[in-house]
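Visitor: Heads up: the sequence shown at position 64 corresponds to 64 in full-length UniProt numbering, and the numbers run straight through without jumps. My questions all concern the structure below.
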Amino acid sequence: MCTGAALVAAASRLNGKTATSNKAAFQWVKQTNNQVNWLQAARWVRDGKFYSSSGVSAGMDMALGFISDQYGEALATQIAIHTEYHWNQDPNKDDFAARYY
Numbered sequence: 001m002c003t004g005a006a007l008v009a010a011a012s013r014l015n016g017k018t019a020t021s022n023k024a025a026f027q028w029v030k031q032t033n034n035q036v037n038w039l040q041a042a043r044w045v046r047d048g049k050f051y052s053s054s055g056v057s058a059g060m061d062m063a064l065g066f067i068s069d070q071y072g073e074a075l076a077t078q079i080a081i082h083t084e085y086h087w088n089q090d091p092n093k094d095d096f097a098a099r100y101y
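Given below as structure tokens:
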């Protein structure tokens, strides 16, 4: 979802939820709604039916996480292999956060 989280937050759909957003735009996105628990150091976040990611490649990890949640880890792993993508399966392991915060 990246900076799209700002649109969802501005529509109050993330009120009371935890979310993240693009690191370079994080402060701007955070200002769109103070009723969201914004996580800076997260690759992606799932809170109920809402998924948010902290950047473009993090969005790939998030999408595979969504597929894993909905259709099983085996399918998500198969997709990662076929697309030659190194999937970071841990939404809390964000190696890039330290560069921004």
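Beta carbons: idealized from backbone N, C-alpha and C, even for Gly. Quick caveat: nothing in here was measured; it's all calculated off a predicted structure.
(1) Exposed or buried, what is residue 51 when buried is set at 16 or more other beta-carbons lying within 10 Å of its beta-carbon?
(2) If you run the structure through DSSP and keep just helix, strand and coil, what is residue 77?
(3) How far does the beta strand (DSSP E) with residue 50 in it extend, from its first residue to its last?
(4) Whose C-beta lies closer than 6 Å to the C-beta of residue 62 among residues of the same chain, with five residues either side of it excluded?
(5) Once the 5 residues before and after residue 1 are set aside, which same chain residues still bring their CB inside 6 Å of it?
(6) Give the DSSP bridge partners of residue 47, in chain order.
Guide: Looking at the atomic coordinates:
(1) buried
(2) helix
(3) 50-53
(4) 44, 51, 53
(5) 52, 53
(6) 50
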